[in-house]
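Participant: There's a structure below that I have some questions on.
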Amino acid sequence: MTRPGPPPGGSFPRPGPPAGGSFPARPAPPVGARPGPPLDLGDDEARHPAVDAAVRAIANAATLAPADQIAHYEAAYETLRETLATIDQT
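Below, the structure written as structure tokens:
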């Protein structure tokens, strides 16, 4: 019994960048685009303002250029991490 292998004369073709060496630019969101209102999560007593602000920051980051999104996502992550750690201690 023989095992399958690479085709004769070389290896399997691998995908790469398109001809011309670069990928096409992704379109940016429309100017002034904003996400809709936050979802109604129910009881206001169970909500935390810092968590709500971080979630809004994540939603707003989607309207930024990809290079600018990283800093906003990292800041929101840090806010969520610190806030959740504080909540766990109470």
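If you count by this note's numbering, then the sequence shown holds residues 7 to 96, one letter each, in order.
Backbone N, C-alpha and C fix where the C-beta goes; we use that ideal spot for every residue, glycine too.
1. Please state the DSSP three-state secondary structure of LEU86.
2. Roughly how many angstroms lie between the CA atoms of ILE76 and ALA68, to the nearest whole one?
3. Does the beta-carbon distance from HIS2 to LEU70 come in below 8 angstroms?
4. When you compare the CB positions of ALA60 and ALA91, do they come within less than 8 angstroms of one another, or not?
5. Could you have a look at ALA71 and say whether DSSP puts it in helix, strand or coil?
6. If ALA56 sits next to THR89, beta carbons under 8 angstroms apart, how far is it from one beta carbon to the other, in whole angstroms?
7. If we cut at 8 angstroms on Cβ distances, does ALA59 have a partner in chain B?
Facilitator: With the given structure in hand:
1. Counted from its first residue, the sequence shown places residue 86 at position 80. The answer is helix: DSSP assigns LEU86 an H, G or I state.
2. Counted from its first residue, the sequence shown places residue 76 at position 70. Counted from its first residue, the sequence shown places residue 68 at position 62. Each residue's Cα considered, the two are about 10 angstroms apart.
3. As shown, the chain starts at 7 and ends at 96. That puts residue 2 outside it, with no answer to give.
4. Working through the sequence shown from its first residue, we reach residue 60 at position 54. Working through the sequence shown from its first residue, we reach residue 91 at position 85. No.
5. To locate residue 71, count along the sequence shown from 1; it is residue 65. Coil, per DSSP.
6. The sequence position of residue 56 within the sequence shown is 50, counting from 1. The sequence position of residue 89 within the sequence shown is 83, counting from 1. Contact flag correct, Cβ pair sits at about 4 angstroms.
7. Protein chains in the displayed structure number just one, and chain B is not present.
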